[in-house]
Amino acid sequence: VQPKIMMKKMSIPTSKTSLVLFLCQIISALDVPLDLSQPPTITQQSPKDYIVDPRENIVIQCEAKGKPPPRLVTYIFFYFMYKCSWTCRNTFSWTRNGTHFDIDKDAQVTMKPNSGTLVINIMNGGKAEAYEGVYQCTARNERGAAISNNIVIRPSRSPLWTKEKLEPNHVREGDSLVLHCRPPVGLPPPIIFWMDNAFQRLPQSERVSQGLNGDLYFSNVQPEDTREDYICYARFNHTQTIQQKQPISVKVFSMDSLNDTIAANLSDTDIYGAKPVTERQPVLLTPTGSTSTKVELRGNVLLLECIAAGLPTPVIRWIKEGGELPANRTFFENFKKTLKIIDVSEADSGNYKCIARNTLGSAHHVISVTVKAAPYWITAPRNLVLSPGEDGTLICRANGNPKPSISWLANGVPIAIAPEDPSRKVDGDTIIFSHVQERSSAVYQCNASNEYGYLLSNAFVNVLAEPPRILTPANKLYQVIADSPALLDCAYFGSPKPEIEWFKGVKGSILRGNEYIFHDNGTLEIPVAQKNSAGTYTCVARNELGKIQNEVQLEIKDPTMIIKQPEYKVIQRYGQVSFECIIKHDSTLLPTITWLKDNDELPDDDRFLVGKDNLTIMNVTDKDDGTYTCIVNTTLDSVSASAVLTVVAAPPTPAIIYARPNPPFDLELTGQLERSIDLSWIPGDENNSPITNFVIEYEDALHEPGVWHYQTEVPGTQTTVHLKLSPYVNYSFRVIAVNKIGRSQPSEPSEQYLTKSASPDENPANVQGIGSEPDNLVITWEPLKGFQSNGPGLQYKVSWRQKDVDDEWTSVIVANVSKYIVSGTPTFVPYEIKVQALNDLGYAPEPSEVIGHSGEDLPMVAPGNVQVHVINSTLAKVHWDPVPLKTVRGHLQGYKVYYWKVQSLSRRSRRHVEQKILTFRGNKTFGMLPGLEPYSSYKLNVRVVNGKGEGPASPDKVFRTPEGVPSSPSFLKITNPTLDSLTLEWGSPTHPNGVLTSYTLKFQPINNTHELGPLVEIRIPANESSLILKNLNYSTRYKFYFNAQTSVGSGSQITEEAVTIMDEAGILRPAVGAGKAMASRQVDIATQGWFIGLMCAVALLILILLIVCFIRRNKGGKYPVKEKEDAHADPEIQPMKEDDGTFGEYSDAEDHKPLKKGSRTPSDRTVKKEDSDDSLVDYGEGVNGQFNEDGSFIGQYSGKKEKEPAEGNESSEAPSPVNAMNSFV
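Taking mature numbering (1 follows the signal peptide of the UniProt record, and there is no 0), I'd label the letters of the sequence shown as residues -29 to -1, 1 to 1196.
In structure tokens, the structure reads:
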């Protein structure tokens, strides 16, 4: 795939951003599919404070969803809103100022079809003022009613400026001046700005600026301020109108330019008693006085303003007494005259001081800021989907300053007068539902309000019984970069809430372990996806009503890399330069290459040539100097690399050596105050790399001598810093310079500065109260460090009292420790705790309270009503009733289920089995028991767990698992191969998992190319352990499949292979009986069957052996067979002729009989040629027919009884083609 080249600037996605966007798109598991019945939900509404344009139609939005959906119908409205006839079950309705608003009686008002949105027609004669008021929308269907916020409708107003006669302003040079705007009161308030007659903004500076009230302030006037067109404008955004004030005239005079008219109005002192321009120390123009107060709401923007008069022009500085300004939320505007803190919280309350300073002195003003809070959510109520008989809770928790009050409504009606529901119980900010029924479906509203506002939230309770659904599309494809997170979606719905399991593959094992994260919404997260993570993943959702599964696909792509990055270049003016950017990427991804200059798009210039993997700049000029960045994007990842281009006029100089800067020197302390000091220094050599910042560190020689701590850092262009100090610290400072290469060595320390002692500014952090025994409370805290003590004699005042009991605080002062133990407390009761620091100079501020608990004790009561529901042969579900919380005597951690196997019902034998334990966190009342053995008897009990340990066990509950499929037979052995039969023996399954009903044998022939023949199936009774298969094909390999069955089904199978023999020679005959003799014929070693194969492979060796055998035969004597025959006379055998040394004739039947066990032929006898030939035919393929080189037998003939099974390779038979085929059996 060739990369696509781009030159335009573009936003670069990051993997973290993509991950967040992906998570935001995951469907919540609580969303009810729209085809199911559900109460209404308000989806869109107008803002609470709705300011409308009086010239346009008023649209008050109210949209809702539900099943059936709310619609506008004709209905009869009763005096109670929740009482409605059958004709208004699916409706929208409105109230205005608390009473029903009948839109049918107002021709100017209509409601949009299939919507609750009102349209008030103003453009056809209606007046917006007539429709001012508080509106509220109600959307209802047969399952409940949802309500909107109170929507306050107010038409915007842009009144005209009142006519007034403005006197010209005559002011002396250097004096201060305030030009008042005083705009008309509008709704909303207008935006103020000052311009001249030519509609040009008047310039503003530290000397001249506009205040928050719109007035124009001059800290001191100058002759250039003289003009007659200072005009204040007010812009009303809602009506898109601009009003202007009458122009204001300003005349600035100096002592040298006084005319008679002006001089007549001035005293002699004004004219002769002062210099023409008198310098003045700062005086605050706004706010006035030394202190003021301001109240702001949490989350709003805090604006504080200080504007001062003075000459020279004062400089404004802001501090927070006893604290620091929040670094990331503080901004200075209007030349530092306005302090802006965004997103304020209660922690921003305090005293803010503005200081105006010039060379003659300073002035200051303290603004006491109190941050109050309109209600804000801690836990907003969430929709609740329950199945019939389930329990649930709606929780509504809000905070504010002052603390908001919580009230509940049901279907828009105060819950106290709403229809009674026996499954509902209201407990303050919580509604508890028990054993809900379908009629319990409703919409509940929680209202949290205080004097600064209110919050209203709708949450429905929808009682449904629905099997699981998976909402994620089937076979959805996910693509991620290797070594990055992978998120596989499994959005689901069901009632009761389904349990989600993930599998790798279609029938793989369940996914578990630390390499996976399972989210509550069903999403599977693979934190670090590898190449082997690719494949099919199956999500299974199940509840009591059924189960469903869905498959998704995961592909892992190679990361994009820049294997050759652009490099730093120094080029002469008018030369040519190229930057390379060679990439490596996944072959299935299309990369896009973008070049930037100084983080902006490339100039639109033909001199810039973008190639496949390079950027070339022709005819380089000075303006081409800068940083060039190559950015490579794919749909899944992004990488970039940069290089600097330096354009020089002369030939390139030798390579510049970059190094860390030299340390700063000449540190000086000035402006010593009790809580602050100024530090200045001289930077060292930056060594060709600009200094980016300075790091200031301090040493406390009083508490931690020799230890340096980070204090602050400033930009590299700054060589002075104003440092905040703590009391009772002996400070020394040092400075470290930093550039791109690294940090310099620290400077030499400054002189020491010891601050005065004071009472502590802060209290210990991390105060906790946790009991170690049932009758104590251990209060712990993090002690203050030495520099935080602010003075000698650091101690702590520890206070406690039992919560919700009208007791006085108990206090004790302890030394500088970190723990105090309160004895004799009741078991596990809440306590209010606070720890306050103090030293020889006084106490720290009043500390905040924390809640702790005295020690826990073991729970007192066991869970009751333990019930077991066996789901299948390996899985059961256990239910129990929760114990009363007061009997837990501690923090409820969960419940433990102990269970163990008593006996197997198929074996009827008892044996000791180790107990298994499952822990269910939280206040759960049920759990699943996996991994049970089929057809077994189990016992279990349940115990509640707190931080101390386990409570008593519930009575043992006995349950049984049903039968399952058996395991495979323990073995399958195939013996006694014949021409047309095989004998099969087997062992019963190790785990029958029930009562065996039968065995199933399947077999089929296999040819030399491993092709399978027709399959034969035989059903065998369960009490059998062997089988003889007859009527098989000779010399044929068979494959056997064998398994056992119970009434549930077939178990896993075991397989074996075996071969029928080739001919009767492979069958072992019984040994010759006693009293019978058999002629022994001598055979040559070269006639043996196993040796024939060897001779065929090595022809030369066969020839040599034949020659040796021929020579041995001519030299050898006769074998003493006669003596053997005489010792064992057999009338069927003719006697041997001793005179010619030949053997007698034998019948064909006797030729096939094996030799008698134990018979041997002497090695000193010879065999005639004709008899030798016969012996080769008769005994060449016989059993144990092996000879020494002299013609004697090596071993003994051995005969076996037919009843003894062949032992494979352990047999004493010589190797043969038949044995080779049977060697694996």
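Every residue gets a Cβ at the ideal spot worked out from N, C-alpha and C, and that includes glycine.
Since the model is a prediction, treat every value here as computed from it, not as a measurement.
Residue i Cβ short of 7 Å to the ligand MN heavy atom set
| i | result |
| --- | --- |
| T509 | Annotation note on the ligand MN: not contained in the displayed structure, which lists no ligands. |
Inter-residue Cα distance where the pair is residue i and residue j
| i | j | result |
| --- | --- | --- |
| T401 | I497 | 37 Å |
| L495 | V603 | 29 Å |
| E885 | W871 | 7 Å |
| Q175 | R251 | 21 Å |
| G321 | F302 | 17 Å |
| A381 | P352 | 13 Å |
| M899 | K973 | 39 Å |
| K54 | T259 | Since pLDDT at K54 reaches only 39, below the 50 mark, its modelled position is unreliable, and the value read off the structure follows with that caveat. Each residue's alpha carbon lies about 60 Å from the other. |
| Q215 | N140 | 19 Å |
| G424 | E100 | 24 Å |
| H674 | G762 | 11 Å |
| I488 | I527 | 18 Å |
| G1037 | N978 | With a pLDDT of only 45 at G1037, under 50, the local geometry of the prediction cannot be trusted, and the value read off the model is given with reservation. Approximately 21 Å, taken between the alpha carbons. |
| Q773 | I822 | 10 Å |
| D746 | E779 | 20 Å |
| H850 | F897 | 4 Å |
| Q171 | L282 | 27 Å |
| E956 | F1011 | 12 Å |
8 Å Cβ cutoff met for residue i and residue j
| i | j | result |
| --- | --- | --- |
| P635 | V692 | no |
| E470 | R410 | no |
| V248 | A279 | no |
| G965 | S908 | no |
| T781 | S770 | yes |
In DSSP terms, what residue i is bridged to
| i | result |
| --- | --- |
| S339 | T264, N322 |
| Q773 | Y802 |
| H556 | The partner list for H556 (beta bridge, DSSP) is empty, contrary to what the question assumes. |
| N372 | A344 |
| V80 | I91 |
| G920 | In DSSP, G920 forms no bridge with anything. |
| S420 | S376, Y425 |
Own chain partners of residue i with C-beta closer than 7 Å, once the 5 adjacent residues on each side are dropped
| i | result |
| --- | --- |
| E515 | P467 |
| I989 | L972 |
| P595 | For clarity, residue 595 is Asp in the given sequence; the question names Pro instead. Excluding positions up to five away in sequence, the list reads I588, L616, V618. |
| R143 | F224 |
| S394 | F404, S405, H406, V407, Q408, S411 |
| T1031 | P948, T949, L950, D951, L953, L1003, N1004, Y1005, S1006, T1007 |
| A993 | L967, T968, S969, Y970 |
| E657 | P632, N710 |
Chain-order list of residues whose beta-carbon lies under 6 Å from that of residue i (same chain, five-residue window excluded)
| i | result |
| --- | --- |
| I388 | none |
| V414 | P10, G115, A116, A117, N382, N429, F431 |
| P976 | G984, T1007, Y1009 |
| D1145 | For D1145, the pLDDT reaches just 40, beneath the cut-off of 50, and the residue's location in the model is therefore unreliable, leaving the point undetermined. |
| S64 | T109 |
| Y699 | S728, N761, G762 |
8 Å CB neighbourhood of residue i in its chain, flanking five on each side removed
| i | result |
| --- | --- |
| P720 | L638, E670, S703, F704, R705 |
| L187 | V149, L150, C152, W165, L173, V179, S180, Q181, Y201, C203 |
| I13 | C33, E34, A35, C108, A110, A117, I118, S119, N429 |
| Y347 | R269, G270, A369, N370, G371, L426 |
| Q682 | I667, E668, Y669, L694, F704 |
With contact counted as at least three CB pairs below 8 Å, one residue from each stretch, are the segment 789 to 806 and the segment 735 to 742 in contact?
Short answer: they touch.
Between the segment 593 to 610 and the segment 556 to 572, do at least 3 Cβ pairs fall closer than 8 Å?
The segment 593 to 610, when compared against the segment 556 to 572, does touch it at the 8 Å Cβ threshold.
Would you check if there are 3 or more beta carbon pairs closer than 8 Å linking the segment 1003 to 1020 to the segment 920 to 930?
Touching, no.
Count Cβ pairs between the segment 831 to 840 and the segment 752 to 768 that sit closer than 8 Å; are there 3 or more?
Three or more beta-carbon pairs separated by less than 8 Å are not found between the segment 831 to 840 and the segment 752 to 768, which leaves the two stretches without contact.
Can at least three beta-carbon pairs, one atom from the segment 355 to 368 and one from the segment 286 to 303, be found at a separation below 8 Å?
Output reads no: the segment 286 to 303 does not touch the segment 355 to 368.
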